[in-house]
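Inspection log for the structure reproduced underneath, given as structure tokens.
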Amino acid sequence: MCGKETPEADHSRPAASKIRVRVRLFASLADIAGCRELDIDLPAGASVASLYERLQLTYPNFRPYTQRLMFAVNYDYAGQDRQLQPGDEVGIFPPVSGGCGRHG
Amino acid sequence: MGNAFCELVECEIDRTRLIDLVRDPSAGAIVHFDGVVRDNTEGRPVHYLEYECYPEMALLEMNRIAESALQEFPIVSIAIFHRTGRLNIGESSVQICVSSAHRGDAFRACMHAIDTLKKTVPIWKKEFYNDGQCWIEGPPTTKD
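Those protein sequences? They're chains V and A, same order as listed. Note that my numbering has the first sequence beginning at 32, numbered continuously upward. Note that my numbering has the second sequence beginning at 93, numbered continuously upward.
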């Protein structure tokens with residue numbers, strides 16, 4: 032399922048405690064997910080790591096890639112401890128393979 | 093300060109245009125790198141490739157690489173062009189051209205640019221074989 036995830040019903044928290052981020056997927060991850068772009072609602076203060084944990088619940092076939100994935104927030108590489116802001120765009124992808132040849 | 097020319101294209105890279113972009117009266121050397129699609133990977137015949145990219149970030153990273161080359165090496169200009177979409181054997185996926193007063197700096201800057209591109213620019217290639225296809229991953233890197 033892609034596009035917008037249905038937020039969990041949580042009447043104990045005001046709406047402001049949720050943030051929405053856009054996720055961009057590429058290469059083998061996009062094939063697994065069946066899409067290249069989706070919006071995810073997260074608790075305010077969520078990190079890249081917690082976003083990825085959420086994605087793994089929806090796409091368990093991401094798991095073999097976990098140790099070698101790269102993350103970018105708003106077109107800059109970021110660590111998994113990076114805290115997300117509303118409207119951030121998070122790119123998640125395997126190690127890049129531009130150019131020709133393998134491993135230089 | 094030098095000039096950087098970076099483009100993502102979906103058609104054949106124009107080698108002559110690339111070289112002309114970096115040409116300068118003060119540059120005694122122009123080094124041109126051409127990354128060409130090979131017909132095999134470790135002996136396995138490859139029919140063609142497809143390149144996918146994260147366009148907004150790929151162009152930013154290419155420009156970062158070009159700007160850092162201008163800072164680190166005494167070069168005049170650098171051009172980095174990468175092609176995406178389907179590529180056939182013998183076609184160029186990436187070309188980098190560097191001009192400088194002296195050849196050593198041009199060679200070093202060009203090598204550094206392609207080595208960095210292959211680690212950081214968000215572009216991925218998929219190889220198509222007789223009996224299947226496969227996304228190619230680079231080696232895992234620690235991004236600093």
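Backbone N, C-alpha and C fix where the C-beta goes; we use that ideal spot for every residue, glycine too. Only a predicted model underlies this, so the values are computations on that prediction, with no experimental measurement involved.
query: Which chain V residues sit within Cβ distance under 7 Å of E229 of chain A?
result: P125, P126, S128
message: Strictly under 8 Å for the Cβ-Cβ distance: is F93 of chain V near chain A by that measure?
response: no
message: Three or more C-beta pairs under 8 Å: does that hold for the stretch 107 to 120 of chain V against the stretch 194 to 206 of chain A?
response: no
7 Å Cβ cut-off: residues of chain V touching V129 of chain A: C131
- prompt: Expressed to the nearest angstrom, what Euclidean distance is found between the alpha-carbon atoms of E102 of chain A and F124 of chain V?
  reply: 21 Å
query: Nearest to K211 of chain A by CA position, among A:L141, A:E144, A:I157, is which residue?
result: A:I157
message: Output needed in chain order: residues of the stretch 132 to 146 of chain A with a Cβ under 9 Å from some Cβ in chain V.
response: T133, E134, L141, Y143, E144, C145, Y146
- request: Determine the burial state of A176 of chain A: buried for a count of at least 16 other Cβ atoms within 10 Å of its Cβ, exposed for fewer.
  value: Contrary to the premise, residue 176 of chain A reads as Thr rather than Ala in this sequence. It is buried - the Cβ of T176 of chain A has at least 16 other Cβ atoms within 10 Å.
- prompt: Do E229 of chain A and S128 of chain V have their C-beta atoms closer together than 8 Å?
  reply: yes
Where G224 of chain A falls, given that 16 or more other Cβ within 10 Å makes a residue buried: exposed
- request: Find the nearest neighbour of I105 of chain A within the set A:Q187, A:H139, A:C226, judged by alpha-carbon distance.
  value: A:Q187
task: State the Cα-Cα distance for the pair L179 of chain A and L86 of chain V, rounded to the nearest angstrom.
output: 32 Å
- prompt: Is there at least one Cβ from chain V nearer than 8 Å to P63 of chain A's Cβ?
  reply: No answer is possible for residue 63 of chain A: the residues shown for chain A start at 93 and end at 236.
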